[in-house]
Amino acid sequence: MQMFYPVTITSQGQITIPAKLRRELDLDKTKRLILKVEDQKLIAEKEPDILALRGVFKTKKRIPFWKARKAFEEAMARGEV
Numbered sequence: 035m036q037m038f039y040p041v042t043i044t045s046q047g048q049i050t051i052p053a054k055l056r057r058e059l060d061l062d063k064t065k066r067l068i069l070k071v072e073d074q075k076l077i078a079e080k081e082p083d084i085l086a087l088r089g090v091f092k093t094k095k096r097i098p099f100w101k102a103r104k105a106f107e108e109a110m111a112r113g114e115v
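Letter by letter, the sequence shown follows residues 35 to 115 in this note's numbering.
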């Protein structure tokens, strides 16, 4: 069943995601969303967590977490992820 959640856009362009929807999607202040536009529709998706990729690539080189996170966010901004 499809649900509709009306939201208001503030003068600063912010919207509030209704609490029921945040709970349903497990969103809290530590989570981030990616917004994209498809066919005049605004689509919000959970940002994948870089820690979910831990162990996928085998390397002996150690990279500080903050550097890996920054590189990941930059790649996402360029649309590479």
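Heads up, the beta-carbon is just placed ideally off N, CA and C, and yes, glycines get one too.
Looking only at its chain, what residues have a beta carbon closer than 8 Å to the beta carbon of residue i, apart from the 5 residues adjacent to it on each side?
{"i": "T42", "result": "I49, T50"}
{"i": "M110", "result": "I68, E81"}
What separation, rounded to the nearest whole angstrom, lies between the Cα atoms of residue i and residue j?
{"i": "K70", "j": "K54", "result": "22 Å"}
{"i": "L76", "j": "E107", "result": "20 Å"}
{"i": "E81", "j": "I68", "result": "6 Å"}
{"i": "R56", "j": "D62", "result": "7 Å"}
Per the DSSP calculation, residue i is bridged to which residue(s)?
{"i": "A78", "result": "L69"}
Specify, as a first and last residue, the run of the alpha helix (DSSP H) that residue i falls within.
{"i": "K101", "result": "99-111"}
{"i": "L55", "result": "53-58"}
Apart from the five residues just before and just after residue i, which ones in its own chain have a Cβ nearer than 6 Å to its Cβ?
{"i": "A78", "result": "L67, L69"}
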